[in-house]
Each structure stands twice: as structure tokens, then as C-alpha cells.
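Here the structure comes first, spelled out in C-alpha cells, and everything after it is commentary.
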Amino acid sequence: MLERHSADVVVVGAGPAGVAAACAAAEAGRRVLLLDEGVRPGGQIWRHAVRSGLPRPARRWLDRVDRSGATFTGGTTVVDGAPGRLLAERQGQPLEIRAAALVLATGARERFLPFRGWTLPGVVGVGGAQALVKGGLDVRGARIVVAGTGPLPLAVAAALRTAGARVSTVAEQAPARAVARFAAGLWRTPARALQAIRYRATLAGTRFRTGTWVAAAEGQDRVIGVRLTDGRRDWSEPCDWLCAAWGLIPATELAAVLGCATRDGAVVVDGALRTSVPGIWCAGESVGVAGVEAALVEGEMAGVAAGDGPPRAGLAGARQRHRGLARRMEAAFALRPELRSVAEDDVLACRCEDVPLGAARAAGSFREARLHTRLGMGACQGRVCGSALEFLLGWEPPAVRPPVLPARAGTLLAMTAQPRRDS
Amino acid sequence: MTTLEPGVRIEVDGVPHAVPAGATVAAALLNAGVSGFRRAVSGTLRAPLCGMGSCFECRVRIDGVPHRRACMEVVRDGMEVRTGA
Amino acid sequence: MTAAAVTPDALVVGAGVVGAACARALAQAGLRVELLEAGFLGGGATGAGMGHIVVMDDSPAQLALTRASSGLLAELMDELPADVELVRTGTLWIAADAVEIEGARAKVDAYRAAGVAAELLDGAALAEAEPELRPGLAGAARVPEDAVLYPPALARWLAAAPGLRVREGSRVSALEGGGVVLEDGSRRSAGSVVLATGAAAAQLAPGLPVMPRRGHLLVSERYPDFCRHQLVELGYLRSAHDVRTASVAFNVQPRATGQLLIGSSRELVGWEAGVNRGMVARMLARACAYLPRLAALQMIRTWTGFRPATPDGLPLIGRWPRVPDTWVAVGHEGLGITTALATGRLLAELVTGAAPFLDPAPYDPLREPVVSG
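What follows is the structure, given as C-alpha cells:
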């Protein structure tokens, strides 16, 4: 009954990092298995129902992975594992996957922070809105406000407009001078400068407000407006959708369950993308959010290393450049302290178990809050409230326990042997 | 924007809908005007937040199986979706 | 006078459900009580456990303690806050075959003789009571007064009793006659000290025969009405009590939230807290053998905890004569939630010199042959 697979190199996550890793390892002659929850390779950023809708570099990589000989297995959720071995679920059935080498490219997700009305239908993430539109959501004629930080809100606003939405405002929480200082440094990376200009051109008719963030979402059964604030005054804007998120955070759960060390919310890797566990590499956003170009370079490096292929020139240098940009970006778009006092104590912090922020705050730690309020004990396993409370209260998110994602009992009973200890 | 051809029929809370092939259940439900996907512990209705499988707000019953993430499932002809549980 | 300058009559070390129950009983006896906790209230085995109130009859002493405690809880039913989530699910002790049904029959007789409500269900009645159970089971002993609850909330409520002060984040590093030494080197003195640190108690009281016995649990998504009773295999009695070998037994609880809590396992592995996948797989295989459709249900989380185990399976309640004015209330294994109230009452009676409501001899920490060396 248990379906078994094995490969020389197994890559988890088929976003840019995973695709590049699978290409590199397959091109080195290894048998490669590329796994993803999505039905097609591409991850979140390259998630398109139709490949022709993608920018040229993305199409090039996806065509390359098609030709590389790597096997893509979509609709596959990895739920647990040990070094050399993964347990996954596909269409409700367990899958055991053995790998001589493992590349984790699990990407990132959005950081959400609570505000009054954030649980209303119609309040979605920034990348979340884009994912829904890529999944077929029709936003033609819809009034949308996008609020967040960094380059993603602008990119998403542009995509939403292309999809026919009326994006009235893009609110950037970072102050104008930080954004300007960052933009002035863009000449160092021409591709990004070009992208930024393209967004600006597409966005004629959309207000871009720096130093502005969400104070509350308005509506009874669904969002009908948003109250924005710049810290001095606040005002309402009507909207059918409010897209709000506060940057991206690395997805480290699988790495953590496999015993890989994490630090500051990211998987720890050395200069060759090796994690603390022998035989496991990690690349892309899960080692620190740095964008597509960094993910591609790191994926390629990790794929070459995991596939024991001949070293490729220039990758390490490129990685340093991309990571340098990411550090500048992180500094420019650091979350402002005022965001810590947006939500009142009666606003829910945990959306799975409906625990108000005040009840969470009364506990001294995530563990204590979990036990006494059930915060973080629901289906999302603390993914949403964990990163919120990390920012709001300085709490360390709790240790990850298997399964990495909710899984059927019938799947978990297929995991039969004790994992090796951390080395 | 993704171009999707209508081509799949699903049933949402007993009402038939024609939806584009390749769409996620989440997108199909939202296009059909569903705004409450699941009922939260305290009783309010919830709908997709993250759109990519990590927040679990879009859980619905699909073909009799509860707690499926609507954003992670692609519509299939004849699929039966139940919301509000 | 500052609060810290008041010398309490009793210090209770360890704010799990047993420590909290002892502290409450001492406070109700009129003592000024301080409850010292290294971490936070209910953060140890209390927070990791299943939370059942279940009368058990492995030995007369176990039956006496579990029955008394269940009765004390029943008296408090109306006072308990909603977050304790007490649900009188009853327990079904499931008999798989003709041999086990005789065990169920004997169990029903023993419970009735002790004044505990119990009835025998045949196979058909069992299938009707719990339709998700696999067909063909022989029957069950039904104990209707058994209950499930959320243990950390019970511990918190017990510790909120008047006359009782809780100090979380106070780690005790040594016991002295008439007081304790805290981690920071400071001393707290009191007329009596009660050690209630569960599986860790031997660290402060060398020679106390209590050790950690790891257990695993899983919790599911919400599936209200999947089952209504706490379900336990009758074979649990056999598998749970061989201290040396790792064992699993079928034990599923419906929680007030609609979630299912799935146990159980027992291993002696010291304080290793990691999840043993093999053990989880064995537990689930066992559970699915009884509840076939459980295989399709989503599990959200697995975790481990450490039961305080003793060689003979009975708790250690009474004076610890190796340190003057010191008492212990530890070693409740998997029955700490069930027996906390009776333990607290008995311990308080022993400390204050009142007539004990139960014969304390079977729980004496120095009983033979428990203590060696």
C-alpha cells in the first residue's frame, strides 16, 4: 500500500530555487525527483496556469527542467522525514521517498499581523491575492487596496491591474526616505531597476503612499473598506479586497523537523548551501528572503553540490551580490514599531483557535500561551500567529513537531523507523 | 492574467456552477460569490487569507472529505464542495 | 512587611495538577501556602497528558485513590470554569474477543462492588454506542462517570484557590529541612515542604523511586461526533504495566473541541523528548485497527511528555523522612489528572495531622519493596 520512490537527489519545492537545483543535479547525471504541493512546477512566483503568461527567464527555467530528465511529482505534500528519507502524501495516499541527497527549497510565506477586521472575508495577503488570481480569481472591476512592505506590493498591484482590478492605493509602511535610499541603490542591479520602472509605468492612476499602514479593515460580513493611517491621521478608503501582509518569512518547518539548525527564522547554511545535517542542502528563500535571482543561483549551487557535479563558475559571487541587495532591502523595509500597537487586545491573534491578542499577551511565552489559551494549536500549526507574535511580542516561535503539515493518520503510520539524531 | 476556459462543472453547497478548468477551488468559490468558506471556532465565517496553503482559513469539505484547503485543490468535473462547516 | 518576608506554612514545589491540588488542599486546611514552579503552571506532564478522569482497578489501592478522586471532582463540577472543558464521556473498556469479554465482565463486577457505576455492553450494544469501531468486537465495560478535561486549566483553577500564592519561574535547587534553596541561591523557609515535581522529583530527593516514562500523543483536526466515549482497549491493562518494555495501547478520547486525542505509548528513554516515529506509527496502527476510518482523519500535531513512573505503579504520597519536614506527592504515572484531588486531600491530612480519609499505607514513599538503597 505504501508507495515508495527513491532518487539520487530529491528536491522539495519547485519554485525557482528548487527548479534550478533539480536542473543542476539532473544535468550532473543524477536521478532527480522534484516534489511540490502545486500541480505544476513554478512555486508561488512562477505559478501560472498557462506558461506563456510567464516572463522569459521563468519560461526558460521551466523548459530546462522539463528537458533535464528530472522527474516532477506535483500535488505532493511532504509531511515528515528523517535524513535520507521523506514521508509525503499525495491524493490522500502515503509516499515514502528515499534520497541519497536532499535539497530543501521550501521558499517563504507572508507575515501577517493582526488588525481589527483582519479575519473578514476579502482581507487577503499580498502574495495571497496574486496566488488567488493565478488560481483563477476574477478581479475585473474590483476595487483593491494593497498594503505591505517591500517590492512585492508594487509587483502585485501591477499584476492586479493587469488582471483588470482598480487598485486605488498601495500603502508602504516604510518611511519615504528609507524607500528612496533603497531605490537610489538600485543602479547596482539593473534587472531590478528595470522592473521597478515597469511597475511605476503600469501603476499610473494608483496612489503609492509611503509611511502608511492599515489601522483596520471595515465591514460586517466581508470587507467594504480599509482605514489607513500614517501615524498622524487616519482615513478610510472603500475596497472590495484588502491585500495586506508584512513581508516574507522563510518556511523552515521541514528543515527543522529534519534536524537542520535554524537561526533568526532561517535555515542555517554554509557558503556551499550545506545545512547542519550531512546530505541536506537548502537554497532560496528558506535560508533568508532574497528574491528570485538569489534563489536561482542558490538552487543551482545546491543542485550541483547535491548532485556532485562539476563546480560552475561565478555562482558564489552572484550569490554574494544578491544577498547583499537582500540585506539592504531588509534594512530599508524594516517593520516600523508602530505596527506593534495597531491591534487592540480583543483582536484575534490566533485565527485557528480564535485566541485574542490580549489573552496571548497575558502568557509569558509561546509555549505558555499555547497551553493556557490554545493559541497556535490549530490546523495552521502556528504559522500565522507564530510570525505575528514573534514581531509583536518578541516571542520565539515554538519548536516544530511532526507532522510538518496536517496529515492523515494513515499516512503517519507509514513512518516506521526512528530518524537519526542530529549530528 | 491567466486565461481560463470555462469547462468544469462543480457543485457548491448543492448549487451547480460552471468554472474554468485549472482554477483552484478557492478561486472558483470566490468567483461564485461564496465569501464564507468555513465557520471559525467562535462562529464567524472565514475565507482565504494566504492563498498558498499555509493559513488553513479556506478549509472546505470536498467530495465528503472535510478540512481540505480550497486554495491547494484544483477543480474537477463533478466535484462537490460544502462550505460553512 | 513585603510579601516575600512572610514565611509560609507550607511550600509546594512543582505546579502541575498534583502540586496545585496539594497546595489547594493545604490552603483549605488554613495554611498559608506558596506554590513554587520552575517553569509555568501546568507546563510539565500536566500539559502533555491526555486529561482523563478514569477509575482504575489494577490494585485495591489504585481503585481507592481513583474512585475517591473521581468523587471529589464530581463535587466540584458546578464550580469548575468552562475552560476546564470537563465532559462526562464515560469510558468504554473494549473487549476484542471472548477472552477479553470475561475481563470486561470481571471489571464491571469489581467496579459495582466498589460502588462505581459500570455496565457490560455486548457486541451489538458496543457497535450501537460507537459505530466507528470495527465490527466483530466482543463488547465493552462501560464506566459512565469517567470524564475527560483540559488539565492545564484544571491546574490553573486549583492554583487560584484563596490563601495560595503561585510563584512561576522559581526553580528549586535543593531541599533543606524546613525550606528550600532556590536557583539564585536564596532560601525560602516554611513549616513543611511538599515535593510535587513529578518525574523529576528524584533530582531533589535522591533515592525517591520515580523515573520519567515517555509517552506520545497525537491530536486531530475537529471531527465532532466521530466517537462519544473515551475508548480504551482492555488489553491496555496488560500493555501499560510492564515497566521495562516499550508498549502501545489503543486509547482515543473525544475532546470538548471536537478533536480526537490519540494515545498511548510508554517507553523508558530517560528525558529524551524527541518524537519517535516508530512509536507514533505503532500507536496509529493500533488505533486504526479499532477505528478503521481514523486512517483518513487529519492529524495536526504529535508530542511527547514524561509520566512519573514508580516500580509498582502506585504514587508516592507521604513523608519523605530523609529530609526533615518534607513530604512528597509524586509518581502518579498516567493517572495524575485522575488522582490529583484525592492526592491533595490525603497529603494535606497527613501534613496537618488530621485523620486521613484513605489508608495512606499503600502510597507510603518508603513502602516495601519500592525503596532500595
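These protein sequence lines are chains A, B and C, in that order. For the first sequence, the working numbering gives the first residue as 1, with consecutive numbering after it. For the second sequence, the working numbering gives the first residue as 1, with consecutive numbering after it. For the third sequence, the working numbering gives the first residue as 1, with consecutive numbering after it. All residues carry an ideal CB built from backbone N, CA and C; glycine is no exception. Because the structure is a prediction, the values reported are computed rather than measured.
Per-residue burial, Phe-357/C [other beta carbons within 10 Å of its own, 16 or more giving buried]: Counting of Cβ neighbours within 10 angstroms places Phe-357/C among the exposed residues, the total staying below 16.
Which residues DSSP lists as bridging Asn-251/C, in chain order: Answer by DSSP bridge pairing, in chain order: Val-232/C, Gly-263/C.
Of the residues Gly-117/A, Ala-129/A, Ala-58/A, the one placed nearest Val-146/A, counting alpha carbons only: Measuring from the Cα of Val-146/A, the nearest candidate turns out to be Ala-129/A.
Test: Thr-2/B CB closer than 8 angstroms to a CB of chain A: Low local confidence applies: a pLDDT of 45 at Thr-2/B is under 50, so the model's placement there is unreliable, with the coordinate-based value given in what follows. Closer than 8 angstroms: yes.
Simplified DSSP assignment, three categories, for Ala-329/C: Strand, per DSSP.
Contact check, Gln-230/C vs Thr-91/C, beta carbons under 8 angstroms: Yes.
Distance between Ala-153/C and Leu-86/C (C-alpha atoms, nearest Å): Near 10 angstroms, if we compare the C-alpha coordinates of Ala-153/C and Leu-86/C.
Chain B contacts made by the stretch 204-229 of chain A, where a contact means CB separation under 9 angstroms: Result list: Asp-221, Arg-222.
Beta-ladder partner(s) of Val-60/B, from DSSP: For Val-60/B, which the question treats as bridged, DSSP gives the partners Arg-68/B.
Residue interval of the alpha helix (DSSP H) (run including Leu-34/A): In the DSSP annotation of this structure, Leu-34/A is not part of any alpha helix (DSSP H); the continuous beta strand (DSSP E) holding it starts and ends at 32-35.
Proximity below 8 angstroms, CB of Gly-284/A to CB of Ala-105/A: The Cβ atoms of Gly-284/A and Ala-105/A sit closer than 8 angstroms to each other.
Neighbourhood of Ala-161/C by C-beta distance below 6 angstroms, restricted to the same chain and skipping five residues each side: Counting only Cβ-Cβ distances below 6 angstroms, and skipping sequence neighbours, we find Arg-24, Ala-27.
Pick from Thr-7/C, Ala-38/C, Arg-277/C that is closest to Leu-31/C, judged by C-alpha positions: For the residues Thr-7/C, Ala-38/C, Arg-277/C, the minimum Cα distance to Leu-31/C belongs to Thr-7/C.
Short Cβ contact (8 angstroms threshold) for Pro-224/C with Gly-258/C: Yes, they are a contact pair.
CB-CB length for Leu-392/A against Arg-340/A, believed under 8 angstroms: Indeed, because the Cβ distance is near 5 angstroms, the residues count as touching under 8 angstroms.
Contiguous beta strand (DSSP E) assignments of at least 3 residues, all confined to the stretch 31-114 of chain A: Counting whole runs of 3 or more residues, the stretch 31-114 of chain A contains the beta strand (DSSP E) stretches 32-35, 71-73, 76-82, 85-90, 93-104, 108-110.
When Val-287/A, Glu-390/A, Glu-368/A, Gly-92/A are compared against Arg-263/A, the one with the closest alpha-carbon: Taking only the C-alpha atoms, the option nearest Arg-263/A is Val-287/A.
Rounded straight-line distance, which links the Cα of Gly-92/A to that of Met-72/B: Here the alpha carbons of Gly-92/A and Met-72/B stand approximately 13 angstroms from one another.
8 angstroms contact criterion, which Gly-38/A and Arg-47/A should meet: CB distance rounded: 6 angstroms between Cβ atoms; contact.
Trp-213/A, buried or exposed, once every other Cβ within 10 Å from all chains shown has been counted against 16: Burial call: buried.
Whether Val-181/C touches Trp-93/C by CB criterion (8 angstroms): Contact: no.
Met-1/B to Leu-325/A span [Cα, whole Å]: Note on Met-1/B: pLDDT 39, under 50, position unreliable in the model; the coordinate value appears next. Distance between the alpha carbons of Met-1/B and Leu-325/A is about 29 angstroms.
Environment of Asp-80/A [buried if 16+ CB atoms lie within 10 Å]: With 16 or more Cβ atoms within 10 Å of its Cβ, Asp-80/A is classed as buried.
Ala-414/A burial status per 10 Å Cβ neighbour count (16 or more: buried): It counts as buried.
Cβ-based burial, Pro-206/C [other Cβ within 10 Å; buried from 16]: Answer is exposed; the Cβ neighbour count stays below 16.
Cut-off 8 angstroms between Cβ atoms - residues of its own chain near Ala-48/C, not counting five sequence neighbours on either side: Contacts found: Gly-215, Leu-217, Trp-303, Thr-304, Gly-305, Phe-306.
Arg-187/C - partner residues in DSSP beta bridges: Per DSSP, Val-181/C.
Residue closest to Val-133/A, alpha-carbon to alpha-carbon, out of Ile-45/A, Phe-182/A, Thr-169/A, Ala-180/A: Between Val-133/A and the set Ile-45/A, Phe-182/A, Thr-169/A, Ala-180/A, the nearest pair of CA atoms involves Ile-45/A.
Cβ pair Ala-294/A, Arg-328/A closer than 8 angstroms: No, the Cβ-Cβ distance between Ala-294/A and Arg-328/A is not below 8 angstroms.
Residue ranges of each beta strand (DSSP E) within the stretch 319-399 of chain A, 3 or longer: Counting only runs of 3 or more residues that sit fully inside the stretch 319-399 of chain A, the beta strand (DSSP E) segments are 348-350, in chain order.
Beta carbon proximity, Gln-381/A to chain C, threshold 8 angstroms: For Gln-381/A, the nearest CB of chain C lies under 8 angstroms from its own CB, placing it at the interface with that chain.
Under the three-state DSSP convention, the category Thr-229/A falls into: Judged by DSSP in its simplified three-state form, Thr-229/A adopts strand.
Within-8 angstroms CB hit, Leu-34/A to chain B: False, the Cβ-Cβ gap to chain B never drops below 8 angstroms.
Contact check, Ala-409/A vs Leu-294/C, beta carbons under 8 angstroms: Cβ distance < 8 angstroms, so Ala-409/A and Leu-294/C count as in contact.
Assigned secondary structure, Arg-216/A (DSSP; H/G/I helix, E/B strand, else coil): Note that residue 216/A is Ala in the sequence shown here, rather than Arg. Look at Ala-216/A here: in three-state DSSP terms it is strand.
Proximity test, Cβ basis, 8 angstroms: Arg-351/A and chain B: So yes, Arg-351/A belongs to the interface.
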